[in-house]
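Data block below; observations after.
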Amino acid sequence: MSLHLALYQPDIPQNVGAAIRLCACLGFSLDIIEPCAFPWKESEFRRTAMDYKEIANITRHSSWAAFQDAYPGQRRLLMTTKGAKNLYNVTFQDGDILLMGRESAGVPDDVHTAVNDRLLIPMSGTARSLNIVNAAAIACGEITRQVRFT
């Protein structure tokens, strides 16, 4: 098994590029759940993903249903500002899928109910949320620490 970062219908190609680089560096598989809010153009990712696209394991799924069918039985953990559990109070395991919602709208209710758990990063004061790739990096770092280094 492996660890996965999944982006649900991403809005911003530069964030996808940064996620490609993040996954290549940490050894996560990257899953893109379409449709994207932008046309998929390799040139869009060159600046942010650089040459990491060649070493990243990227799978594009045509829909939420296709994504679910691809990973039966694997735990899906949604990062959300409406999270129920503090990220640092979760025990991660090999095969986990970390799911990030759209930058503009998160995920719909049916995705919220289909995941195994909803997680949040504790914020300071009145701060609402981080950039999606920054949040993914924090979560992927914690998952890596637990699964690969303990």
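So in my numbering, spot 58 of the sequence shown is number 1250, and the numbers just go up one at a time.
For glycine and all other residues, C-beta sits at the position ideal for the given N, C-alpha and C.
Because the structure is a prediction, the values reported are computed rather than measured.
Next item on the list: Find out if the Cβ-Cβ distance for the pair HIS1253, ALA1241 is shorter than 8 Å.
Entry: no
Next item on the list: Less than 8 Å between the CB atoms is what I'm expecting for TYR1200 and ILE1225, so what's the real figure, rounded?
Entry: 5 Å
Checklist line | Residues of its chain near ALA1248, where Cβ-Cβ distance is below 7 Å and the 5 sequence neighbours each way are ignored | finding: ILE1212, CYS1215, ALA1216, LEU1222
Next item on the list: Report whether the distance from the Cβ of CYS1332 to the nearest heavy atom of the ligand FAD is below 7 Å.
Entry: As presented, the structure is devoid of all ligands, the ligand FAD included, so that no description of it is given.
Next item on the list: Determine the DSSP secondary structure at LEU1195, reduced to helix, strand or coil.
Entry: coil
Check: According to DSSP, is MET1292 helix, strand or coil?
Finding: strand
Notebook entry, point to check: Who pairs with LYS1277 in a beta bridge, going by DSSP?
Noted result: LEU1311
Check: Count the other CB atoms within 10 Å of the CB of THR1283; is the residue buried (16 or more) or exposed (fewer)?
Finding: exposed
Check: Considering only residues of the stretch 1218 to 1245, which uninterrupted beta strand (DSSP E) runs meet the minimum length of 3 residues and lie entirely inside it, listed in chain order?
Finding: 1221 to 1225
Next item on the list: With DSSP as the reference, label ARG1298 as helix, strand or coil.
Entry: First, the residue type needs correcting, since residue 1298 is Gly and not Arg in the sequence shown. Residue state, collapsed to three classes: strand.
Check: VAL1339 and ASP1286: beta carbons closer than 8 Å?
Finding: yes
Check: What separation, rounded to the nearest whole angstrom, lies between the Cα atoms of GLY1275 and ALA1329?
Finding: 17 Å
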